[in-house]
Amino acid sequence: MVSGAQMAGSGGSDLRAPIFNGENYEFWKIRMRTIFKSHGIWNLVEKGLLIPDSKAAEEESSDSEMVSLLMKDAKALGIIQGAVSDDIFPRISNEETSKGAWDILHQEFHGDKQVRSIMLQGLRRDFEYTRMRDDEILSGYITRLLELVNQMKGYGEDLTKGRIVQKLLISLTKEFDPVCYVIEQTRDIETIEVQEVIAALRGFAQRLDRHAENTTEKAFSSMSINQKGSQSNSGVGNNKSKKSWKSKGKKWDSKPQNSGNQSGKHEPGEKSDQAKGKCKHCDKLHYGECWFKGKPKCYGCNRFGHLIKDCEQSNKTEKLANVASKVTEPATMFYACHSASIEKNMNVWYVDSACSNHMTAHESLLIDIDRNVNCKVKMGTGDFVQSIGKGTLTIDVQGVTRFIREVMIVPGLDENLLSVGQMIEHGHWLVFGDNEVDIYEDKQLQELIARVQMKGNRCFPLDLKYVNPPVANRATIGDPSCLWHRRFGHLNYCSLRLLQEKDMVQGLPKLQESEKTCSGCAIGKSHRSSFDKEITWRASQPLELIHSDICGPMQSITLGGNRYFLTFIDDHTRMCWVFFLQQKSHAFNIFKRFKNMVELQSGYQIKKLRSDRGGEYTSLEFSKFCEEMGLERQLTIAYSPQQNGVAERKNRTVMEMARTMMHEKKIPLKFWAEAVNTAVYLQNRSPTSALDNTTPFEKFSGRKPGVKHLRIFGSLCYIHIPSQKRHKLEETGMKGVFLGYGICEKGYRVFNLETKKIELSRSIIFDEKTMWNWELNEEVQVTIPWHEEESSRISDIDSYPDESLQSSQSPQRPQVANDLQTTLESATHDSSVSISETFDHTPQKWKNLSEVYAQCNLSIIEPESYHEAAKDEAWNKAMTEEISMIEKNSTWKLVDRPGSKPIVGVKWIYKTKLNLDGSIQKHKARLVAKGYTQKPGIDFNETFAPVARSPSEATLYVRTKEGVGTLIISIYVDDIVYTGSSDELVKEFKAEMMCKYEMSDLGLLHHFLGMGVTQTEGSIFIHQKKYALTLLDKFGLKDCKSVSTPLVATDKLKREDGSDPADESLFRKIVGSLLYLTATRPDIMFSACLLARFMHNPSKMHYGAAKRVLRYIQGTIDYGIEYVTGKSALLVGYCDSDWSGSEEDMKSTSGYAFSFGSGAFSWASVKQHSVALSTAEAEYVSAAEATSQAIWLRFVLEDFGEEQTTATTVFCDNTSAIAMAKNPVFHQRSKHIKRKFHFIRDAIQEDVIELLYCKGEEQIADIFTKALPKD
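Every letter in the sequence shown is one number past the one before it in the UniProt record's numbering, and letter 350, counting from 1, is 350.
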């Protein structure tokens, strides 16, 4: 047995303990465990000292053994203390045992299961995205990959050999594709060793190196050579490697090269002039393990054992050579060195062949600066400097403006550098020689750009002439387009023009896009190009999906102490709500308030909530609340904010608008919440690409928003002081700054400059041309920068009055806009003149809905007398046409006025005919006799109608021309609707009608008898949307909450239900309107027919059921029937029945529906006349009624030229009824059925119909027999 003293003496110099500085704990632990095992003390470190429990056992153990264990433990503790850095040592300084110190380090740096899982997840991501760079050598990449693999294994990841080999082969550059292909085709990837693959790749790299013309590209470095043989540094970063550059008559490459051995082999990009490989830790050539491995390195003095923050030489100032190069971590691509001894000049740029990019420290010389480009630049001393962006340099070369792009901004750079390599990449040609360099436009060497002479210090300075960067141009307030652009929070002109063209808001004048650049938009909306958008799922109704995100924390705290804002966006309407928070933990309470508010206002329920994985959304109480409410949570994947793109983009848009408005008027940052609130208010009233010609406010509330009350954010204004707060001789107003609009109040939010508080007021005078100087506490005019070429013209105009300025800038502006602008300007320049009430668009109180409709109808009001109609050209034209038709048809004959007969006067009747969308179609004027002035028995004894009366009174005509087609004509009073299968017949009929009867062609059918018709190339869609809206408005349910079903499936209506009687007249109107609506709405057929059974003495329950049907129509206002072309012309029917559905007489209800190709065109819901004793009998009677309808439809189709040559299929879901129809024998169940229903058997035997079975789920006629549930 070896004693502890012998162990310490023998093993002290064999293994050296690595220094642990807080990184790579797993590797350090493995090496330390090996050291402890070599000393035989690992069990002591792992398990600790075993102290005997009893005194007897303690007496048995000798004192020498205990002392030996204590010495071993002290030695282990000493090894651990010596193997940690000075920063880590205080954590274990108080521990007296090696196990205690080891456990502290293990607990802190090894981490628990959750921490290791998170770290392993990050390593997995790095492993998947790791690729070999084009400028990276093979050995460096293999080392980097294997270090990543070892780290993953240290955290418990099980990586197989096959997985590592696959990753290595697919992540190499394209020059290694041949050898990768050979390995994949000849070897088994799952069984081959990793080192065997690495050896094959190294051999292939050596082969590539032998065939390369130049294996190493060395960056240029300017060095100062001592002519007397003094030594200087041969490289940057190693001060100890020095060499005399005096050649002593020998060539530099006369040193013999080793070949034929392993040390002579090298890879692309590696040095091969030494037998030993260069160490990656200390950058020296040696054998064995590096002494400095695991120790930190200072990049200030290039020494090991400390960091740059602890370096004693870091505070010393010295003159650094102007060395710059763009690098990418962890490897340095290039470095450049340039020593300047001439006077500094911003116009001088040095042509540098070693600089990888154009660089400058003067940000003021550049335009189009991109702040997103951040990289590290290595200086000549080894220091790294962070670049802060890149831009474009504008120069003047021989009178031509040129642009030098991608110039990096490097703070602290002494000189401006032009990269030779970057100029060559951009297509320029540089020729060096004769102490000068010529820069040409292209390889033709014909267009010389510049010629640079070499100076005494062997540098090439180029003196450039700069072009002043263009100044962002902001349009004047006098331009109405710019005015409304700023009033809408700097909304883009395309959206403003869309608001005006589509009449989406009220009060917006005609605007034109301004050619001038808005400085507020240029500064506040500058951002990166967006990613490609994908087609995603959209919600079909409000509150079906809510997007949410939190933005913050802000550096400035608001007046209310808030630092965050929380947004909720409805996916269907894109309506946005914003709330402000002091802490993120308040998000849960805000969400509960938001949920209660929007669900009560809209009548819908929130179904899904999409957000990121922030702690404010994933808390236990938040998750439990959503689970109790039945909300579906949609959380984004980690590091995938694109999955919550709607909320992310909305926050970006809101912040851009807020920044723009605040920059425009120089608003202090403490008012950022007011700007965000205003931005959300304006975004809800602005168009969005997610909606079709409507705003989120209108989509959510159903009301078109007004914009006349909008004002420029941050403008100076004057608040009216109520008489209750002042005396008669005191001022009636005081200054304030406009900061937004009230949410629950109809007024403006204004910051009172005297009381320093935000107030709500309605009576305000705005001065949108001025703003408040918060530093000097005085008002100032808005400054407008212009281009230089416009400065002379503007200086001349400035001497003229404002009226001449307006006329010269916008000569085509309407007179009303000029008057409005003049009024606003006069109020701005003369405080004694108040704004006229004509142009006061201050928000007013809420109006009654009937008043709003009355005001909307003023534009199409019909005249009551001839004097009113004569003032309108449209009505004059209509009256002229009426007189012409009377004279042409000889309707009246003018005679002398008889003296003994009473005279019947005439009167003009005016009627405006509207289209389905509410627009005017035609003005109709009729001259009629005042027949109501005659009294029966005095003026007349009998009446007659001077019109021809047809015996059949037919309204439908069919004309068939053999070999040509069929023409179908429908007549209703004075309207004719016609269609046909032949264009020839249609054109011929139209020509005859227009020639003989002088009828006008109104074009394609859009609406007829209250039905809307939408015709496309592939389908025809009929609906009654306008009639349904009129119906809801008529009965006061226009803004009611919708329901999902017309009737409650469990409720049974009966005549005597115990409730109070309802208004019979109102109930009959509702039922009659619903019955007319069933012309295109078969889904309410059963409900309307059921309610029609209680037309006499209806009850409150019946009236409530009728109102429920109207609420169902509110939610299905766009429903209708679509008929698609290209379907087979085959008549198909469905029949069904309930059993004893009527509570009064226990009779059943029959229902059937027929389709012809696509879409139902005939349906019915009828109460049976007899009581059915079984379901089979009820279904049999229903099938008989459907057969009667099918036979009649076959006759009609035959007249239309669509004769049904095969039996018409009628589907029934009752097998007993089908058997009774096909079997002529009378059974116990069928012998009592009336004989009139048995004709269905003859129809089946004559192949007129075919009765087939279908499942209950496929039975379409089921909706005509009973009230169905939602599912």
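From the three backbone atoms N, C-alpha and C, an ideal C-beta is built for every residue, glycine too.
Within 10 angstroms of the beta-carbon of Gly-1058 lie fewer than 16 other beta-carbons, which makes it exposed. A residue is called buried when at least 16 other Cβ atoms come within 10 angstroms of its Cβ; Met-1095 does not meet this threshold and is exposed. The stretch 1052–1069 and the stretch 995–1015 do not touch, with fewer than 3 CB-CB distances between them shorter than 8 Å.
Taking C-beta separations shorter than 7 Å and ignoring five residues to either side along the sequence, the partners of Ile-971 in its chain run Thr-955, following chain order. One thing to note: Pro-696 has its Cβ no nearer than 8 Å to the Cβ of Leu-498. Pro-1046 sits buried, since 16 or more C-beta atoms from the chains shown fall within 10 Å of its C-beta. In the DSSP annotation of this structure, the continuous segment of the alpha helix (DSSP H) that includes Pro-480 starts and ends at 480–487. For Thr-517, the closest of Asn-492, Ala-205, Ala-539 and Glu-501 by C-alpha to C-alpha distance is Asn-492. At a cut-off of 3 residues, the continuous stretches assigned as beta strand (DSSP E) that sit fully inside the stretch 1232–1267 are 1249–1253.
Taking the CA atoms as reference points, His-426 sits about 26 Å from Lys-455.
Within 10 angstroms of the beta-carbon of His-1023 lie 16 or more other beta-carbons, which makes it buried. Take Ala-991, set aside five residues on each side of it, and no residue of its chain has a beta-carbon closer than 7 Å to its own.
Rounded to whole angstroms, the gap between the alpha carbons of Ala-1062 and Arg-1068 is 11 Å. Linking Tyr-1134 to Thr-1078 through their CA atoms gives a straight-line distance of about 18 Å. Within the same chain, no residue comes within 6 Å of Gly-140 by CB-CB distance, once the 5 residues on both sides are set aside. Here Leu-1131 really is in contact with Leu-1193; their C-beta atoms are around 6 Å apart, less than 8 Å. Of the candidates Gln-605, Ala-17 and Val-1196, Gln-605 places its Cα closest to the Cα of Gln-541. One thing to note: Lys-699 has its Cβ no nearer than 8 Å to the Cβ of Leu-710. Going by DSSP, Val-646 is part of the alpha helix (DSSP H) stretching over 645–665. In this structure, the CA atom of Phe-713 is about 6 Å from the CA atom of Phe-738. DSSP, read as helix, strand or coil, puts Met-993 in helix. When C-beta atoms of the stretch 349–358 are compared with those of the stretch 418–425, three or more pairs fall below 8 Å, so the two segments count as touching. Shortest Cα-Cα distance from Asp-209 to any of Tyr-181, Thr-912 and Phe-176 involves Phe-176. Taking each of Cys-459, Gln-934, Asn-684 and Lys-725 in turn and checking the Cα distance to Pro-705, the smallest one comes out for Asn-684. Per DSSP, the continuous alpha helix (DSSP H) segment holding Asn-150 begins and ends at 138–154. The count of Cβ pairs closer than 8 Å, one atom from the stretch 546–566 and one from the stretch 577–586, reaches three, so the stretches are in contact. Taken atom to atom, the span from the alpha-carbon of Asn-651 to that of Ala-870 is near 56 Å. With respect to the 8 Å criterion, Lys-390 and Val-410 are not classified as neighbours on the basis of their beta carbons. If you draw a straight line from the Cα of Trp-484 to the Cα of Val-707, it is about 10 Å long. Excluding five sequence positions before and after Gly-1256, the CB atoms of its chain that fall closer than 8 Å to its own CB belong to Asp-1213 and Asp-1262, given in chain order. By the Cβ criterion, the stretch 1090–1107 is not in contact with the stretch 1121–1128, since fewer than three pairs of Cβ atoms, one from each stretch, lie closer than 8 Å. Annotated three-state conformation of Gln-398 is coil, per DSSP.
The distance from the Cβ of Gly-1003 to that of Ser-982 is about 19 Å, inconsistent with a contact at the 8 Å cut-off. In this structure Tyr-155 does not touch Leu-105 by the C-beta definition: roughly 16 Å separates them, more than the 8 Å allowed. In the same chain as Ile-590, and ignoring 5 residues on each side of it, the C-beta atoms closer than 6 Å to its own belong to Leu-566 and Phe-579, in chain order.
Secondary structure of His-867 (DSSP, three-state): helix.
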